[in-house]
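**Q** Note that the working numbering has the sequence shown beginning at 41, numbered continuously upward.
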Amino acid sequence: LDLCVPNVSEYAALVKTLEDLINNYREEKKWMERNTLLLQYHWVDMGKPSVSDHMTPSEWIELCNRLNTPLRKQDVVSLFRDMKSELKRACKALTGSKNDRDIV
């Protein structure tokens, strides 16, 4: 990443922000499992900025493909249907959402 920041105060603000992000990541990483971090990376890379965003079966298939899940497509879809309530519960726990319709 190449940046040209000619203003000293803007440069200082940029450096401070990056340091804060690194520190936040280190703090989150302490309690977050590696699997969760990997899932979060793929989720954001798929264009989902928040874990509370809805997930469609096709997005679930894409996520499973990204994670090299050794299941056939029909098994992945069946797993999605079977795990939908568990996914809702996990997302609610992460986001504190009270409304089931807000998730998945």
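C-beta: ideal position from N, C-alpha, C; glycine also.
Could you check whether I101 and V84 sit closer than 8 Å to each other, using their CB atoms as the reference points?
**A** Taking C-beta atoms as the reference points, V84 and I101 fail to come closer than 8 Å.
**Q** With DSSP run on the structure shown, which of helix, strand or coil describes L77?
**A** helix
**Q** Express the C-alpha separation of E68 and W76 in angstroms, rounding to a whole number.
**A** Rather than Trp, the amino acid found at residue 76 in this sequence is Thr. Going from the Cα of T76 to the Cα of E68 covers about 11 Å.
**Q** Just to confirm, does A133 get its C-beta within under 7 Å of one of the non-hydrogen atoms of the ligand FAD?
**A** Ligands displayed in this structure: none; no statement on the ligand FAD is therefore possible.
**Q** Expressed to the nearest angstrom, what Euclidean distance is found between the alpha-carbon atoms of I62 and K56?
**A** 10 Å
**Q** With distance defined between alpha-carbon atoms, name the residue in P97, Y65, K88, V48 nearest to F120.
**A** P97
**Q** Mapping the DSSP letters down to three states, classify T96 as helix, strand or coil.
**A** coil
**Q** Let's test the definition: count the other Cβ atoms within 10 Å of the Cβ of C104 and tell me whether it reaches 16, buried, or not, exposed.
**A** buried
**Q** Let's test the definition: count the other Cβ atoms within 10 Å of the Cβ of M95 and tell me whether it reaches 16, buried, or not, exposed.
**A** With 16 or more other Cβ atoms within 10 Å, it is buried.
**Q** Measuring alpha carbon to alpha carbon, tell me which of S125, C131, M123, L78 ends up nearest N108.
**A** The candidate whose alpha carbon is nearest that of N108 is L78.
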